């Protein structure tokens, strides 16, 4: 399969917190937003995982398509060949929801199992600060929350 470069992600915020403008999750009725959600799994030298806005502990999450959606390999797969890549967390093929992770190292064992959808364009130090409160078992030693988030303008 062909490889392609990870698209950049910016840091521009357009709003603070969930609002009535967010669509609601079908299963829970919660706003589809990462604002206020936590990084529930942080393993130093590997990755920081978040995106479970329904349960907050890694057992939940939901997408704009419903509970789960298929892997999106359009244009070929992107290798997990460096830190600071954003990738979909899943429980196997075609089980993507809202959970994602940010790599903190080269992680080739994830290639063709998890879809890379972006990269950290700025804020590497923030990712490293999140990584620093992680543990080998994955439970963060302190809570790490997304305080604000938004949408990037289409170009």
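In full-length UniProt numbering, the protein residues as written are 1 to 155. We put the CB at the ideal spot given by N, CA and C, even for glycine. Given the structure is predicted, the values throughout are model-derived calculations rather than measurements.
| Check | Outcome |
| --- | --- |
| Contact under 9 Å by Cβ, residue 41 with residue 71 | no |
| Distance CB(residue 105)-CB(residue 45) smaller than 9 Å | yes |
| Option nearest residue 95 by Cα separation, candidates 66, 151, 50 | 66 |
| Limits of the beta strand (DSSP E) - the one that residue 41 falls within | 39-43 |
| Cβ pair residue 89, residue 97 closer than 9 Å | yes |
| Host alpha helix (DSSP H) of residue 130 (start-end) | 124-132 |
| Same chain, Cβ closer than 6 Å to residue 136, neighbours up to 5 away in sequence not counted | none |
| Local Cβ density within 10 Å of residue 49, reported as buried at 16 or more and exposed below that | buried |
| Cβ neighbour criterion (16 or more within 10 Å) applied to residue 102 | buried |
| 9 Å Cβ cutoff met for residue 99 and residue 150 | no |
| Enclosing beta strand (DSSP E) for residue 50 [first to last residue] | 47-50 |
| For residue 153 and residue 29, the rounded distance between their alpha carbons | 26 Å |
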